[in-house]
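S.K.: Dumping the structure here so I can ask a few things about it.
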Amino acid sequence: MAVKVATRISYGEFLVEEGARNPNLVVLDADLAKSTKTADFAKAYPDRFFDMGIAEQNLMGVAAGIALSGKTVCASTFAMFASGRAFEIIRNSIGYTHANVKVCATHAGITVGEDGASHQTFEDLALMRTIPGMTVLNPSDDASAKILLKQAVDMDGPAYIRLGRASVPVFYDSSADIKIGKANVLREGKDVTVIATGIMVASAMEAAAYLSEHGVDVRVIDMHTIKPLDEEIIIKAAKETGKIVTAEEHSIIGGLGAAVAEVVTRNCPCKIAMVGQHDTFGESGTPDELREKYGMTAEDIIMAVKGLY
Numbered sequence: 169m170a171v172k173v174a175t176r177i178s179y180g181e182f183l184v185e186e187g188a189r190n191p192n193l194v195v196l197d198a199d200l201a202k203s204t205k206t207a208d209f210a211k212a213y214p215d216r217f218f219d220m221g222i223a224e225q226n227l228m229g230v231a232a233g234i235a236l237s238g239k240t241v242c243a244s245t246f247a248m249f250a251s252g253r254a255f256e257i258i259r260n261s262i263g264y265t266h267a268n269v270k271v272c273a274t275h276a277g278i279t280v281g282e283d284g285a286s287h288q289t290f291e292d293l294a295l296m297r298t299i300p301g302m303t304v305l306n307p308s309d310d311a312s313a314k315i316l317l318k319q320a321v322d323m324d325g326p327a328y329i330r331l332g333r334a335s336v337p338v339f340y341d342s343s344a345d346i347k348i349g350k351a352n353v354l355r356e357g358k359d360v361t362v363i364a365t366g367i368m369v370a371s372a373m374e375a376a377a378y379l380s381e382h383g384v385d386v387r388v389i390d391m392h393t394i395k396p397l398d399e400e401i402i403i404k405a406a407k408e409t410g411k412i413v414t415a416e417e418h419s420i421i422g423g424l425g426a427a428v429a430e431v432v433t434r435n436c437p438c439k440i441a442m443v444g445q446h447d448t449f450g451e452s453g454t455p456d457e458l459r460e461k462y463g464m465t466a467e468d469i470i471m472a473v474k475g476l477y
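Per my numbering, the sequence shown starts with residue 169, numbered consecutively.
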């Protein structure tokens with residue numbers, strides 16, 4: 169049984185470690201520190217932590233101001249509230265000014281679970297990737313989250329990092345070669361390519377193993393960086409396998425599937441299927457129940473691959 173860790177836990181652990189290394193790091197939250205795990209940083213470095221209350225727009229505005237004064241800021245709340253309620257502030261105060269703010273948004277996607285439709289966001293990657301100059305990251309496990317968070321904090325400029333509530337399998341190790349803007353090929357294959365992001369990477373690997381046993385050689389790519397997108401690896405996959413399935417815990421409208429389709433249609437048209445949320449809101453339920461109901465499982469990836477033949 170693979171070890172499972174929620175990437176919000178990874179974020180909390182990263183902040184404590186990075187806080188010791190980087191005295192310039194400031195962390196802000198919106199009355200959710202225990203859930204986002206920024207409470208660990210607050211306990212270790214109380215002078216560099218600010219709880220802004222349930223005021224997400226103010227959170228992002230203050231984050232921009234602190235960053236423009238020379239600090240590196242991680243601003244945290246649930247993904248629904250960061251990308252939805254505070255979008256205009258992120259766009260104008262952080263994106264437009266190229267402020268050194270890392271919007272670390274937890275509890276993304278359907279796996280928020282019992283919190284229901286009001287807290288489940290399928291729009292955040294689509295919204296964030298439209299902001300000029302915004303780096304958009306969606307790590308798949310504990311190790312990749314910490315590696316990408318470190319790179320995001322070390323770079324200059326705004327970033328959006330998508331993190332989850334539910335525990336997910338860990339398959340990278342801390343020495344993995346993971347770089348912002350460069351996707352990782354986790355499995356080679358010649359028949360079809362599955363390009364997955366976030367928690368769907370583990371499902372893609374599971375689907376590929378099953379399909380391999382049934383005569384389909386599947387290439388699996390972890391597209392942890394939604395922007396800047398690794399177009400080279402997508403074009404290579406389109407040319408070499410001729411079939412692509414995208415998998416995301418996000419709407420297929422404007423998310424990874426749409427981003428991959430944009431690249432393919434411009435450069436190397438091929439058959440594409442998309443696994444993700446299909447233009448509908450979620451509902452309250454356990455993460456596993458919701459992933460099954462809304463078609464975001466390994467079985468759904470398998471069916472999508474078969475549908476391309």
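In this text, a Cβ means the ideal position worked out from N, Cα and C, and glycines have one as well.
Find the nearest neighbour of T448 within the set G277, D309 and V428, judged by alpha-carbon distance.
M.R.: Here residue 448 refers to the residue found at position 280 of the sequence shown. Measuring from the Cα of T448, the nearest candidate turns out to be G277.
S.K.: Going along the chain, which residues of its own chain have a beta-carbon closer than 7 Å to the beta-carbon of A223, five neighbours each way excluded?
M.R.: On the sequence shown, residue 223 is found 55 positions in, with the first residue counted as 1. Within the same chain, A223 has close Cβ partners A198.
S.K.: Give me the Cα-Cα distance between I367 and L458, rounded to the nearest whole angstrom.
M.R.: Counting from one through the sequence shown, the residue named residue 367 turns up at place 199. Counting from one through the sequence shown, the residue named residue 458 turns up at place 290. Approximately 14 Å, taken between the alpha carbons.
S.K.: Where are the beta strand (DSSP E) runs, 3 residues long or more, that stay fully inside the region 286-327, in chain order?
M.R.: Here the runs fully enclosed are 303-305.
S.K.: What does the Cβ neighbour count give for V171, buried or exposed, with the cut at 16 atoms within 10 Å?
M.R.: Counted from its first residue, the sequence shown places residue 171 at position 3. Exposed, because fewer than 16 other Cβ atoms sit within 10 Å of the Cβ of V171.
S.K.: Within the 8 Å Cβ cut-off, does Y378 reach chain D?
M.R.: Chain labels in this structure do not include chain D; a single protein chain is all it has.
S.K.: Sorted by chain position, which residues of the same chain lie with C-beta nearer than 8 Å to M228's C-beta, five sequence neighbours on each side aside?
M.R.: As a first step, residue 228 is located in the sequence shown; it is residue number 60 there, counting from the start. A243, A250, A254, I257, I258, S261, I262, V269 and V271, listed in sequence order.
S.K.: Between K202, F218, D341 and E408, which lies nearest to D385 when the distance is taken from Cα to Cα?
M.R.: The residue labelled residue 385 in the question sits at position 217 within the sequence shown. Residue E408 is the option with its Cα nearest to D385.
S.K.: Excluding sequence positions up to five away, which residues of its chain have a Cβ less than 8 Å from the Cβ of T240?
M.R.: The sequence position of residue 240 within the sequence shown is 72, counting from 1. Excluding positions up to five away in sequence, the list reads N190, N192, L193, V194, N268, K270 and V321.
S.K.: Any idea if P396 is buried or exposed, counting beta-carbon neighbours within 10 angstroms, 16 or more meaning buried?
M.R.: Within the sequence shown, the letter at position 228 stands for residue 396. Exposed.
S.K.: Does the region 409-422 come within contact of the region 293-305, defined as at least 3 CB pairs closer than 8 Å?
M.R.: Taking 8 Å as the limit for Cβ pairs, the verdict is that the region 293-305 does touch the region 409-422.
S.K.: Once the 5 residues before and after T265 are set aside, which same chain residues still bring their CB inside 7 Å of it?
M.R.: Residue mapping note: residue 265 aligns to position 97 of the sequence shown, counting from 1. Cβ within range, chain order: A232 and L236.
S.K.: Is the region 427-441 in contact with the region 469-476, if contact means three or more CB pairs nearer than 8 Å?
M.R.: Taking 8 Å as the limit for Cβ pairs, the verdict is that the region 469-476 does touch the region 427-441.
S.K.: So does the region 303-312 actually touch the region 279-290, counting three or more Cβ pairs closer than 8 Å?
M.R.: No, they do not touch.
S.K.: Counting along the chain, where does the beta strand (DSSP E) carrying G444 start and finish?
M.R.: Mapped onto the sequence shown, residue 444 falls at position 276. G444 -> beta strand (DSSP E) spans K439 to Q445.
S.K.: Grab the span of the beta strand (DSSP E) containing L476 for me, first residue to last.
M.R.: In the sequence shown, residue 476 corresponds to position 308, counting from 1. Unbroken run through L476: none, as it is neither H nor E.
S.K.: Return the residue from the list E451, G425 and E430 that minimises the CA-CA distance to V443.
M.R.: As a working mapping, residue 443 is identified with position 275 in the sequence shown. Here the closest residue by C-alpha is G425.
S.K.: If the criterion is Cβ atoms closer than 8 Å, does the pair T274 and R333 meet it?
M.R.: Reading the sequence shown from its first residue, position 106 is the one you call residue 274. Reading the sequence shown from its first residue, position 165 is the one you call residue 333. Taking 8 Å as the Cβ cut-off, T274 and R333 qualify as a contacting pair.
S.K.: Is the region 336-353 touching the region 170-187, taking contact as three or more C-beta pairs under 8 Å?
M.R.: At 8 Å Cβ cutoff, the stretches touch.
S.K.: Roughly how many angstroms lie between the CA atoms of L196 and D310, to the nearest whole one?
M.R.: Walking along the sequence shown from the start, residue 196 turns up at place 28. Walking along the sequence shown from the start, residue 310 turns up at place 142. Going from the Cα of L196 to the Cα of D310 covers about 22 Å.
S.K.: Out of curiosity, what's the CA-to-CA distance linking V432 and I403?
M.R.: Looking up residue 432 in the sequence shown gives position 264. Looking up residue 403 in the sequence shown gives position 235. Whole-angstrom Cα-Cα distance: 6 Å.
S.K.: Using 8 Å as the threshold, is the C-beta distance between A376 and V362 below it?
M.R.: As a first step, residue 376 is located in the sequence shown; it is residue number 208 there, counting from the start. As a first step, residue 362 is located in the sequence shown; it is residue number 194 there, counting from the start. Yes; because the gap between Cβ atoms is below 8 Å, this pair is in contact.
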